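This report concerns only the one structure given below.
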Amino acid sequence: MTGDWDLAEECAQDAFARALDRWPRDGVPDRPGAWLTTTARHRAMDRLRRARTEAEKLREIAATSYGDYGDYGDPPDRYGPPDESGIEDDRLRLIFTCCHPALPLDARVALTLRTLAGLTTAEIARAFLVGDQAMAKRLVRAKAKIREAHIPYRVPPAPLLPERTAGVLAVLYLLFNEGYSASEGADLIRTGLCAEAIRLARLLVELMPDEPEARGLLALMLFHDARREGRVDADGALVPLEEQDRRRWNAATVAEGLAVLWPPGPPDRPGFYRLQAAIAACHATAPTAADTDWPRIARLYGRLRELTPSPVVELNLAVARAMAEGPAVGLELIAELESSGALAGYHLLPAARADLLRRLGRDGEAAAGYRAALALAASEPERAYLRRRLRETDETDETGGA
Numbered sequence: 001m002t003g004d005w006d007l008a009e010e011c012a013q014d015a016f017a018r019a020l021d022r023w024p025r026d027g028v029p030d031r032p033g034a035w036l037t038t039t040a041r042h043r044a045m046d047r048l049r050r051a052r053t054e055a056e057k058l059r060e061i062a063a064t065s066y067g068d069y070g071d072y073g074d075p076p077d078r079y080g081p082p083d084e085s086g087i088e089d090d091r092l093r094l095i096f097t098c099c100h101p102a103l104p105l106d107a108r109v110a111l112t113l114r115t116l117a118g119l120t121t122a123e124i125a126r127a128f129l130v131g132d133q134a135m136a137k138r139l140v141r142a143k144a145k146i147r148e149a150h151i152p153y154r155v156p157p158a159p160l161l162p163e164r165t166a167g168v169l170a171v172l173y174l175l176f177n178e179g180y181s182a183s184e185g186a187d188l189i190r191t192g193l194c195a196e197a198i199r200l201a202r203l204l205v206e207l208m209p210d211e212p213e214a215r216g217l218l219a220l221m222l223f224h225d226a227r228r229e230g231r232v233d234a235d236g237a238l239v240p241l242e243e244q245d246r247r248r249w250n251a252a253t254v255a256e257g258l259a260v261l262w263p264p265g266p267p268d269r270p271g272f273y274r275l276q277a278a279i280a281a282c283h284a285t286a287p288t289a290a291d292t293d294w295p296r297i298a299r300l301y302g303r304l305r306e307l308t309p310s311p312v313v314e315l316n317l318a319v320a321r322a323m324a325e326g327p328a329v330g331l332e333l334i335a336e337l338e339s340s341g342a343l344a345g346y347h348l349l350p351a352a353r354a355d356l357l358r359r360l361g362r363d364g365e366a367a368a369g370y371r372a373a374l375a376l377a378a379s380e381p382e383r384a385y386l387r388r389r390l391r392e393t394d395e396t397d398e399t400g401g402a
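When we follow UniProt numbering, the leftmost residue of the sequence shown carries the number 1, and every step to the right adds one.
This is the structure we're talking about:
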């Protein structure tokens, strides 16, 4: 309604603050959502009236007015044209609305994560492997483009949903990633974020049953979520995959993931999420760590690199090849990544190098790698794991091998 993202956020926040002040005293209105929308809208109109240079925007808003309902009025549930998206869930509808194709993909995804998913700018920056200030500037530029280019933020009709699907998938993917492996804080897993991402992914599959990447993303989430109970020990520290007690994995969730990934009928085309889900399925279905089909995982990462090349995919490929062909092969590939500088500041790069060195018995070098990773890691469970490995390699190095 305002055409200004910052103004809309400020007015919505004002409405919530006013509700916190009034509702405990006067009672919660029958339609709290309508109350908040009307209050925020009136606040926006007041702000625009005071800004004489915004007179044109004021006339546009007044032209779409449904009347003066007051603080406890009863306006329609939504402003603007009827919703023709076919999306019943409010949050998923808003995600589609925010993933506007007029913005670059990374900008629309970052803005949606910040506004609708509640992730902080720092958390989003880590997801994109950029600095906090760089991400903050990216968000400011996205909001400015919305305002200056008069990008309309309306719920898209059903025929226009496919052009926004890539952004929606990326939002749900990164939301789950932050929940599954928190970038900072005391807990490795943020269960609420994982559950919400899975819920929304299920709804997306129902909305688009013929979209293989939607099914791939849901399957990927299910395979990872199935291992949730085995990923931390009694003290909350990270337990690496090969040390996890597979009896604690949720077999029913794994089975659901397999059914979602490989439904009856002709095989779907490979995609970014389907390939990752196939990799996760290799881990989820291996009876023991020794039974893991690392050659297949390496081949799948090779296909993923061809489809969507990135330094993180290169790192995962290096680890997979190390497990399939020997640590020395992985170290050579990691050395190339280090020299490129593409993953500077990414704690998993020195951590992976340290792990391969440890497997080769080069404990002094491994300890140095664990120290480097420890200096970069922000999540306490990951730091606890790195400290454990550092102690092991330091002690082994001092005693001349174990």
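Built from N, CA and C at the ideal position, the CB exists for glycine as well. Keep in mind that this is a model prediction, so the values were computed, not measured.
- Apart from the 5 residues on each side of it in sequence, leucine 343 sits with its Cβ closer than 7 Å to the Cβ of Pro311, Leu315, Leu337, Leu349 in its chain, given in chain order.
- DSSP, read as helix, strand or coil, puts leucine 116 in coil.
- With a cut-off of 8 Å on Cβ pairs, the stretch 132-147 is not in contact with the stretch 182-191, counting fewer than three such pairs.
- In the DSSP assignment, valine 232 is bridged to Leu238.
- By the Cβ test, the stretch 125-141 is not in contact with the stretch 229-239, since fewer than three Cβ pairs between them sit closer than 8 Å.
- For tryptophan 23, the enclosing alpha helix (DSSP H) begins and ends at 5-26.
- Assigned with DSSP and collapsed to three states, serine 183 falls in coil, not helix or strand.
- Measuring C-alpha to C-alpha distances from isoleucine 95 to each of Glu148, Ala201, Thr121 identifies Ala201 as the nearest.
- Between the alpha carbons of leucine 258 and glycine 265 lies a distance of about 14 Å.
- A straight line joining the alpha-carbon of alanine 122 with that of glycine 167 spans about 20 Å.
- Straight through space, the alpha carbons of threonine 253 and arginine 274 are spaced by roughly 17 Å.
- Short of 7 Å from the beta carbon of alanine 320, and not among the five residues preceding or following it, lie these beta carbons of its own chain, in chain order: Trp294, Ile297, Ala298, Tyr301.
- For proline 209, there is no enclosing alpha helix (DSSP H), since its DSSP letter is neither H nor E.
- In this structure the stretch 145-163 does not lie against the stretch 351-363, because fewer than three pairs of beta carbons, one per stretch, are closer than 8 Å.
- In this structure alanine 280 touches phenylalanine 223 by the C-beta definition: roughly 4 Å separates them, less than 8 Å.
- Going by C-alpha positions, glycine 230 is about 40 Å away from phenylalanine 16.
- Cβ-Cβ distances below 7 Å link arginine 303 to Pro270, Leu275 in the same chain, with the five nearest sequence neighbours on each side left out; the list follows chain order.
- In the three-state reduction of the DSSP assignment, serine 339 falls in the helix class, which pools H, G and I.
- Alanine 251 and proline 263 have their alpha carbons spaced roughly 18 Å apart.
- Taking the Cβ atoms as the reference, tyrosine 153 lies roughly 6 Å from threonine 97, within the contact range of under 8 Å.
- A direct Cα-to-Cα measurement between methionine 45 and aspartate 106 gives close to 32 Å.
- Histidine 347: not part of any alpha helix (DSSP H); DSSP gives it neither H nor E.
- Residue pairing by DSSP places serine 379 opposite Gly185 in a beta bridge.
- Note that the C-beta distance between alanine 117 and leucine 175 is below 8 Å.
- DSSP places leucine 129 in the coil class of the three-state scheme, outside both helix and strand.
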